[in-house]
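Chains S and R, in that order, give the protein sequences. Residue numbering for the first sequence follows UniProt numbering, starting at 1 and increasing by one per position. Residue numbering for the second sequence follows UniProt numbering, starting at 1 and increasing by one per position. Using N, Cα and C, we set each Cβ at its ideal position, and we do this for glycine too.
Number of protein chains: 2
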Amino acid sequence: MESSTRRQATRQKLYEAAVTLIAEQGFSATTVDEIAERAGVAKGTVYYNFASKSVLFEELLRHGVGLLTASLREASEKTAASGGSKVDALDAMIRAGLVFIDRYPAFTQLYVAELWRTNRAWQSTLAVVRQEAVAVVEDVLRGAVEDGELSEEIDIPLTAAALVGMVLVAALDWQAFQPERSLDDVHSALSRLLQGRVSGGR
Amino acid sequence: MESSTRRQATRQKLYEAAVTLIAEQGFSATTVDEIAERAGVAKGTVYYNFASKSVLFEELLRHGVGLLTASLREASEKTAASGGSKVDALDAMIRAGLVFIDRYPAFTQLYVAELWRTNRAWQSTLAVVRQEAVAVVEDVLRGAVEDGELSEEIDIPLTAAALVGMVLVAALDWQAFQPERSLDDVHSALSRLLQGRVSGGR
DNA sequence: TTTTTTGAACTGACTGGTCAGTGCAAAAAC
DNA sequence: GTTTTTGCACTGACCAGTCAGTTCAAAAAA
């Protein structure tokens, strides 16, 4: 099927157009006409490729979180392969998260804006997709406890959620309110927090 | 003047109706008719009390963040008064944040969903209001560095943003995906992270 | 006391405009 | 010759904001 390549390219253009518009304005405030125009495509094409506006959005969410989890997992595996500790892997994942957000700020923005909304059509899609991302962090935390690197007392699901949140919000805040800072600055602030060098030492 | 009391009560009802609806559906997807109906008030009353839908929303934001900063500041001052350290004050603020979010989950949800959006009418209102909240945390961090409780190397604005983010996201995640956990569980997971007892002691 | 007036607060039907989604014939791409 | 895209007119639902009219408690007049 070569035809799927052309379709694929069109869908990609629509994703890119939709993600920035929805991040800026929100889902409801973004019109299908705007998305089509930004993508340089006729409105009919949107409906040829996606059943509806919300289906387009749901597939966009799946697409984006797929990229994120892949990049987190890769960072963690690369660290393990080169003989790093589990805490090193966490640190590498923090950096991977920051790099992702730096590359796809609009997607992150929209993900955060929609994640905790209830009563929306795509709410279940989001729950699944969130769990995939958080699970990557939980796995590393679990490994770290098994290896004795981290205390057995830590609460894995809550700590994983807090770590993800810390990275997400710190990165969005960096982009929105402190864009003059470098990725390395942000990374070391977060690293310091993770490694107990803020108020740590006990 | 009783009449101003009556107005006040109406406005309060409108805030309460709007906050849950907008948290669930987003600003654009929420209609003024819905807000009026939920508040048990005619549509005209909304426009008698607020110039427009977005003005209602902006005043709601100011109102809510006012409550939050007051509660953070109170927690910090109470700790200082009873002779606690600055790190104790940070810990107390984490708890105050959790209590606030527990009490006003809808407001928190909506705040997070809107905070990093650009190009919106209320974007500047939000920037101001965010700064007020973050500043409370920054002040305590600064004090802690001066007192020698925290290393001079920490980056105050970035660390403050990360801490706020950690609390915000952990709390929303708790409500949405792990509601069976207690506030104390969440508090101790975050506390442990702050005090370097996750991977800490270096 | 009783009646009348005042005005802030509130009401809800109505309007003008917007937008998701449809239908389809013709062109372009493959 | 099949798939994909285009362009564009159309519809029906929906919605922000308006406005002429109503309510009622308290002040002023009788």
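Item: Counting pairs of beta carbons, one from the stretch 116 to 133 of chain S and one from the stretch 67 to 84 of chain S, are three or more of them closer than 8 Å?; Value: yes
Item: Shorter than 8 Å from the beta carbon of Ser182(S) to some beta carbon of chain R?; Value: no
Item: Applying the criterion that 16 or more other CB atoms from any shown protein chain within 10 Å of the CB defines a buried residue, is Gly83(R) buried or exposed?; Value: exposed
Item: Of the residues Tyr15(S), Pro179(S), Ala189(S), which one's Cα is nearest the Cα of Ile158(R)?; Value: The sequence given here places Leu at residue 158(R); Ile does not occur at that position. Closest by alpha carbon: Ala189(S).
Item: Using a threshold of 8 Å, state whether the C-beta atoms of Thr125(R) and Glu24(S) are closer than that.; Value: no
Item: Does the stretch 9 to 25 of chain R touch the stretch 33 to 47 of chain R, meaning 3 or more C-beta pairs lie closer than 8 Å?; Value: yes
Item: For a test of the three-state rule: what should DSSP assign to Arg202(R), helix, strand or coil?; Value: Annotation note: pLDDT 38 at Arg202(R) (below 50); position unreliable, no value reported.
Item: Kindly say whether Arg117(S), judged by its beta-carbon, lies nearer than 8 Å to any beta-carbon of chain R.; Value: yes
Item: Answer with buried or exposed for Glu180(S), where buried requires no fewer than 16 other C-beta atoms within 10 angstroms of its C-beta.; Value: exposed
Item: Could you check where the alpha helix (DSSP H) with Arg62(R) kicks off and where it finishes?; Value: 53 to 81
Item: Look at the alpha carbon of Leu150(R) and the alpha carbon of Gln178(S), and state the distance between them as a whole number of angstroms.; Value: 22 Å
Item: Check whether chain S comes within 8 Å of Val169(R), counting only Cβ atoms and requiring the distance to be less than that.; Value: yes
Item: Measuring CB atoms only, is the stretch 40 to 59 of chain S touching the stretch 79 to 95 of chain S, in the sense that at least three cross pairs come out at less than 8 Å?; Value: no
Item: What does Thr20(R) reach in chain S if we use C-beta pairs closer than 9 Å?; Value: Here the premise fails: no neighbours, minimum Cβ distance about 10 Å.
Item: Name, going along the chain, the residues of the UniProt domain "HTH tetR-type" (8 to 68) of chain R whose beta-carbon falls closer than 8 Å to a beta-carbon of chain S.; Value: Ala23, Glu24, Gln25, Gly26, Phe27, Ser28, Ala29
Item: Return no unless some Cβ of chain S is closer than 8 Å to the Cβ of Pro157(R).; Value: yes
Item: Can you give the Cα-Cα distance for Arg192(S) and Ser54(S), rounded to whole angstroms?; Value: 40 Å
Item: Is the stretch 89 to 107 of chain S close to the stretch 163 to 175 of chain S, with three or more CB pairs under 8 Å?; Value: yes
Item: Taking C-beta to C-beta, are Ser28(R) and Ser28(S) nearer than 8 Å?; Value: yes
Item: Contact criterion: CB-CB distance below 8 Å. Does Ala161(R) meet it with respect to chain S?; Value: yes
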